[in-house]
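Numbering (our numbering), first residue to last: 184 to 316. The C-beta atom is built at its ideal place from N, Cα and C for all residues, glycine as well. Treat the numbers as computed from the prediction; the structure is a model and nothing was measured.
Next up, the structure:
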């Protein structure tokens with residue numbers, strides 16, 4: 184066999200495999216590889232503090248539920264208080280080990296929370312979900 188024939192055959196097989204993978208898979212290749220070979224969310228988020236903005240509905244609500252399943256310590260923020268209360272109670276039902284904290288004045292809470300030495304640093308990773316759905 185000729186070397187170029189062998190290289191061409193390998194290239195064609197790789198392209199066919201990649202095309203089949205794209206057609207069969209329901210996501211892009213990066214998401215597919217992360218799902219198959221990435222870290223387990225339960226171990227990544229367990230015990231971590233996550234401040235989630237836009238948590239009252241849509242993607243924010245879904246992320247809050249998933250983080251509650253993983254055992255993360257969640258701080259929920261949203262504009263609509265009634266919806267936020269519903270999401271908070273859902274998260275407490277999903278993970279009863281989460282503690283409920285009442286915050287009467289959120290503006291007074293933000294500064295001391297970030298400055299408090301007992302809280303781990305928030306912010307190796309930042310995912311912002313801000314705005315209407």
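Original post:
Under the three-state reduction of DSSP, which class applies to residue 229: helix, strand or coil?
Top reply: Coil.
Subject >> Burial state of residue 318 (16 or more Cβ within 10 Å) >> reply: Residue 318 cannot be examined here, being either before or after the span of the chain that is shown, 184 to 316.
Subject >> Beta-carbon proximity list for residue 273, same chain, < 7 Å, skipping 5 on both sides >> reply: Taking C-beta separations shorter than 7 Å and ignoring five residues to either side along the sequence, the partners of residue 273 in its chain run 248, following chain order.
Original post:
Shorter than 8 Å from the beta carbon of residue 201 to some beta carbon of chain B?
Top reply: Included in the structure is just one protein chain, with no chain B present.
Subject >> C-beta atoms of residue 253 and residue 229 nearer than 8 Å >> reply: yes
**OP:** For residue 243, count neighbouring Cβ atoms within 10 angstroms of its own Cβ and tell me buried if that reaches 16, exposed if not.
**Re:** Buried, by the Cβ-count rule.
Subject >> Where residue 256 falls: helix, strand or coil (DSSP) >> reply: strand
Original post:
Which ranges would you report for the alpha helix (DSSP H) in the region 195-221 if only whole runs of at least 4 residues count?
Top reply: 212-220
Subject >> DSSP three-state assignment for residue 186, whether helix, strand or coil >> reply: helix
Original post:
Between which two residues does the alpha helix (DSSP H) harbouring residue 272 extend?
Top reply: 264-277
Original post:
For residue 235, which of helix, strand or coil comes out of DSSP?
Top reply: strand
**OP:** In angstroms with no decimal places, state the Cα-to-Cα distance between residue 213 and residue 246.
**Re:** 20 Å
**OP:** Closer than 6 Å by C-beta to residue 224: which residues in its own chain qualify, once you throw out the five before and the five after it? Chain order, please.
**Re:** 253
Subject >> Option in 220, 189, 257, 231 with minimal Cα separation from residue 238 >> reply: 257
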